[in-house]
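Going by the numbering used here, 313 is the number at position 217 of the sequence shown; the sequence numbering is gapless.
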Amino acid sequence: MLPWVQRRARAAYERLLKREISGGPTHVAVIQDGNRRYADRNGGEAPDGHRAGAQTTERMLDWCRDLGVEELTLYAFSTENFDRPDHEREALFDLLERKLYQFADDDRVHDGEVRIRAIGDETMLPESVREAIRYAERRTDDYDRFTLNVALAYGGRNELLGAARDVARAVEDGDLDPDDIDVGEIDNRLYDDPLRDVDLIIRTGGDERTSNFLPWHANGNEAAVFFCTPYWPEFSKVDFLRGIRTYESREESWRRTKVKRAAALVRAVGGVELREAREVIDRFRDTLPEGTTVDELDAEGESSSAD
Numbered sequence: 097m098l099p100w101v102q103r104r105a106r107a108a109y110e111r112l113l114k115r116e117i118s119g120g121p122t123h124v125a126v127i128q129d130g131n132r133r134y135a136d137r138n139g140g141e142a143p144d145g146h147r148a149g150a151q152t153t154e155r156m157l158d159w160c161r162d163l164g165v166e167e168l169t170l171y172a173f174s175t176e177n178f179d180r181p182d183h184e185r186e187a188l189f190d191l192l193e194r195k196l197y198q199f200a201d202d203d204r205v206h207d208g209e210v211r212i213r214a215i216g217d218e219t220m221l222p223e224s225v226r227e228a229i230r231y232a233e234r235r236t237d238d239y240d241r242f243t244l245n246v247a248l249a250y251g252g253r254n255e256l257l258g259a260a261r262d263v264a265r266a267v268e269d270g271d272l273d274p275d276d277i278d279v280g281e282i283d284n285r286l287y288d289d290p291l292r293d294v295d296l297i298i299r300t301g302g303d304e305r306t307s308n309f310l311p312w313h314a315n316g317n318e319a320a321v322f323f324c325t326p327y328w329p330e331f332s333k334v335d336f337l338r339g340i341r342t343y344e345s346r347e348e349s350w351r352r353t354k355v356k357r358a359a360a361l362v363r364a365v366g367g368v369e370l371r372e373a374r375e376v377i378d379r380f381r382d383t384l385p386e387g388t389t390v391d392e393l394d395a396e397g398e399s400s401s402a403d
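The structure is reproduced here in structure tokens:
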């Protein structure tokens, strides 16, 4: 197929996908995998792949704004990445430092009121990167229209262990009653300014695993997950729209399940449970596909039970 034909076909498919999306997720988290493999396939070195991936990151910010996403978290450097060769690690640190300063001074960031913040164990990072983080956070601290979280020296399990130790110390010191430990308490122990729950995780590069990424905010929220084969530098808006469609399909399935369960409860019991079940049906009735009835959902549930 000729290049111009491919471009027109891709643009038409992008428009089709966008029409199919009724509302995007609030918080998207991305595992930007495949930079090194992209560079190797194209005869370059790992830093070349990371630089190409940084361009995708810039485009991703525009796509999020276009689709109404309010928070984006990028897995930029994990605790496991410290095991990489020195020259590769140093080149990546240089790129991260440069991009943090660049983003912090970018007119698009300020026009879009994008707040930049880092998550992870910053003490493990070189001082030059930590200074770039502080600069970016200071420059954008007053913004609240969109949040860009950059996960650096990040490990989800380590993060949860740190919060657990913090809670244990507070209980031991008498500053926290064990009965007061709830989701909000853990949120506050993880970050001074808590992250939103993650609605959608995207992983590029072909691997189908979430790699210890935001376990509290994603797994606890049962986030949708979209795995795709393009390496991060090749990730396109069409791929992003496919991810959004995956999220919406999961949300619709969840809503239908809630209504089916409530309808079954209406048939089976009465009293307080009956009133609660009817409330669930009323709450989700408007979110189902047009024309869907509770009787149809009942039939689906009975069919599934028979199977």
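All C-beta atoms, glycine included, are put in the ideal place defined by N, C-alpha and C.
Source: prediction; values computed, not measured.
In the three-state reduction of the DSSP assignment, residue 345 falls in the helix class, which pools H, G and I.
By the Cβ criterion, the region 289-303 is in contact with the region 119-128, since at least three pairs of Cβ atoms, one from each stretch, lie closer than 8 Å. Residue 210: member of the beta strand (DSSP E) spanning 210-215, first to last residue.
Exposed is the label assigned to residue 241, since fewer than 16 other Cβ atoms lie within 10 Å of its Cβ. Runs of the beta strand (DSSP E) lying entirely within the region 203-277, each at least 3 residues long, are 210-215, 242-250 in chain order. Residue nearest to residue 222 within the set 339, 185, 256 is 185 (criterion: CA-CA distance).
Cβ-Cβ distances below 6 Å link residue 244 to 168, 210, 212 in the same chain, with the five nearest sequence neighbours on each side left out; the list follows chain order. Between the alpha carbons of residue 163 and residue 157 lies a distance of about 10 Å. Selection 265, 275, 229, 285 evaluated against residue 255 yields 285 as nearest (Cα-Cα).
In the structure shown, residue 193 adopts helical secondary structure according to DSSP, grouped into three states. Taken atom to atom, the span from the alpha-carbon of residue 239 to that of residue 266 is near 32 Å. By the beta-carbon neighbour count (other beta carbons within 10 angstroms, threshold 16), residue 174 is buried. The criterion of a C-beta distance shorter than 8 Å is not satisfied by residue 145 and residue 161. Here DSSP, grouped into helix, strand and coil, assigns residue 310 to coil. Taking C-beta atoms under 8 Å as the contact rule, residue 187 and residue 329 fail to qualify, at a distance of about 15 Å. Going by beta carbons, residue 150 and residue 191 fall inside the 8 Å limit.
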